[in-house]
Amino acid sequence: MAQDTPSEAIKNAEFAEFAEFRAELCAEVRAKLSRMDEEFNALFAEIEIQHTMIAQEQAQIRERMEYVQEHVAGMKDALRGVASLYVERSKPRGVRGYTD
Numbered sequence: 000m001a002q003d004t005p006s007e008a009i010k011n012a013e014f015a016e017f018a019e020f021r022a023e024l025c026a027e028v029r030a031k032l033s034r035m036d037e038e039f040n041a042l043f044a045e046i047e048i049q050h051t052m053i054a055q056e057q058a059q060i061r062e063r064m065e066y067v068q069e070h071v072a073g074m075k076d077a078l079r080g081v082a083s084l085y086v087e088r089s090k091p092r093g094v095r096g097y098t099d
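Take the sequence shown: its letter number 23 is residue 22 in numbering that gives the first Met the number 0, and every next letter is one higher.
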């Protein structure tokens with residue numbers, strides 16, 4: 000085997016140094032990407048939990064709104080009944096729609 004010339008030895012050493020630097024850099028990038036992936040997965044899981052909670056709250060709100068609407072409709076019917084009785088009773092006796 001022939002020995003490297005001084006300039007070839009320098010080039011080989013620089014190449015080896017660059018290869019080591021590149022390997023370290025790649026390892027750092029992989030580690031950061033791995034951490035970012037873990038963080039993303041954790042955030043995504045949190046978003047899914049929040050989405051589920053919001054959907055449950057929306058369902059509860061819809062149920063309450065339906066209950067209130069039914070209750071209001073019942074109150075309107077009751078008020079209509081009371082109003083019609085009031086109107087009927089406030090008429091003079093001969094004008095009422097029924098006989099006493």
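A virtual CB, placed ideally from N, CA and C, is assigned to each residue, including glycine.
- Judged by DSSP in its simplified three-state form, Q55 adopts helix.
- When rounded, the separation of the alpha-carbon atoms in G80 and L42 is 56 Å.
- Rounded to the nearest whole angstrom, the C-alpha separation of V86 and M64 is 32 Å.
- For Q2, the three-state secondary structure derived from DSSP is coil.
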